[in-house]
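Visitor:
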Amino acid sequence: MSTVGVHEAKLLRRVSAGEEIVITRGGEPLARLVPVEPRGRRQVGIDDGRFEVPDDFDAPLFAEFRELFEA
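The sequence shown lines up with residues 524 to 594 when you count with my numbering.
1. In whole angstroms, what separates the C-alpha of PRO561 from that of SER539?
2. Between the Cα of VAL557 and those of VAL576, ILE546 and GLY563, spot the shortest distance and give me the residue it belongs to.
3. Pull up the distance between the alpha-carbon of PHE580 and that of ASP570, whole angstroms please.
4. Could you pull out every unbroken beta strand (DSSP E) segment of at least 3 residues lying fully inside the region 551-591, listed in chain order?
5. Measuring only the C-alpha atoms, how far is LYS533 from ILE544?
Written as structure tokens, this is what we have:
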């Protein structure tokens with residue numbers, strides 16, 4: 524994906540106002556210029572309690588698994 528500076532984007536005002544613009548060549552649509560959806564704020568702890576780290580999560584792998592990684 525390429526990006527351009529504001530001085531190169533002639534249609535920026537229209538798009539930033541919510542308009543969707545289709546760019547054509549010879550009457551055939553080539554691209555669509557749309558406004559970027561604003562990101563929502565992240566919520567800290569939204570998944571709290573959905574996963575519990577097991578006590579042995581950092582225990583050595585079984586020999587069979589270790590061999591697969593070392594092969």
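Quick reminder that beta carbons are idealized off the backbone N, C-alpha and C, glycines included. Keep in mind that this is a model prediction, so the values were computed, not measured.
Guide: To lay it out plainly:
1. Counting only the Cα atoms, SER539 lies some 11 Å from PRO561.
2. When the alpha-carbon of VAL557 is set against those of VAL576, ILE546 and GLY563, the nearest one is in ILE546.
3. So the two alpha carbons sit approximately 19 Å from each other.
4. For the region 551-591, whole beta strand (DSSP E) runs of length 3 or above, ordered along the chain, are 551-556.
5. Approximately 12 Å between the Cα atoms of the pair.
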